[in-house]
Structures are given as structure tokens and as C-alpha cells.
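Here the sequence shown stands for residues 17 to 179, numbered as in the working numbering.
Here is the structure we will look at.
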Amino acid sequence: MKQQYPFNAYDNYLSLRQGIGFWLVLIFIFRPYVVMILSVANKRDKLGLIKMVYTDHSLMGLGALGAIPAILLLYAWFKRKPDAAEHVKKIWRNGKWILLLSLLINVVTAIMPAVMGKATGLNVIGMLQIFISVLFIGYVFASQRLNDAFADFPEKTEDDKKK
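Structural data, given as C-alpha cells:
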């Protein structure tokens, strides 16, 4: 890949790092875990935040399941080194599709209360989650940096191969 990004966009292995957009998408996808942690920390009303964000407790679990593909991607990011196993490289190369899967599960999670009849329609939080998910889906499809970073995996140098 030709160098079209600034020098600081590359890691120690001269592989393209993910940009801020990648991290914003991951934070959004991991929000069920953030809500869970914040709820446990709230000593007065442990379920208050969960009830505000999710109309049904089971939806938080579905949202947490939706983050599992992204957890795999985070695992691959931690293991993204020249000596990484083949499964790590495969996860990384499919990073765009993994993010899209997690985001689509987020959309389904937001729609489920209306579909299951537990709500008469989408609440403001649900509509906001869908809107943000759709924005991030557009970002994942449109971002050249994201595609380039997922296509770039550190290779072993000649010195590494001799060891």
C-alpha cells in the first residue's frame, strides 16, 4: 500500500492504524456493557439507567450479544503482530463485515420492543440508537482508511523469519 497517510498513522510494524472513527464505532457497539457497569455502580437505582436505555431487560442482553463480533475484532487488534496466528489475520481482514454485523444487531435490538409488542412504537432512545447505527454503517462502507487498515497486517521481516 502506498503511503497516503501521515507518518504517525502507522504503528511500530509500519501497518496502518485504525482511525478515531473505528474507536467511536467500537465504543458505540460496546455501550450495553457500559450501561451495565454504570448501573451496577449506581447504588440508589441499579436498574434506572437500564430502563432508560432499554425498554426491556432482554434487549440489553441482545445488545451485549451483538457486541461479541466486535469483541473478536478487538481481540484481533490486540494480537495484530507479524507472528499472529492465521485466525487472527482472518478476523482482521474481515473487520469491516464484523463491524457491520454488530451494527445491524444494534438496529435489530432497537426495533425489537415494537416488533415483540412490548412497546407501541420506538422511543426516542431507540430511534437515536438506530440513527447512530445507520450513520456508523455508512461510515464503515465509506471510509477508505478503515478499509486500508483492515487490508494491512504486519508482515514478518527477514530478521523475524531467521529467528
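Positions of the beta carbon are idealized from the N, C-alpha and C atoms, including for glycine.
In terms of Cα proximity to Asn-122, the closest of Ile-84, Leu-162, Gly-133 is Ile-84. Annotation: the continuous alpha helix (DSSP H) that includes Gln-145 extends over 140-158.
Contact annotation: Ser-55 and Leu-42 have beta-carbon atoms that are not nearer than 8 Å.
Pairing Gly-79 with Pro-129 gives a Cβ-Cβ distance that is not under 8 Å. Here Leu-40 is not bridged, per DSSP, to any residue. For Met-52, the enclosing alpha helix (DSSP H) has its first and last residue at 47-57.
For Tyr-70, no alpha helix (DSSP H) segment is defined, and its DSSP state is neither H nor E.
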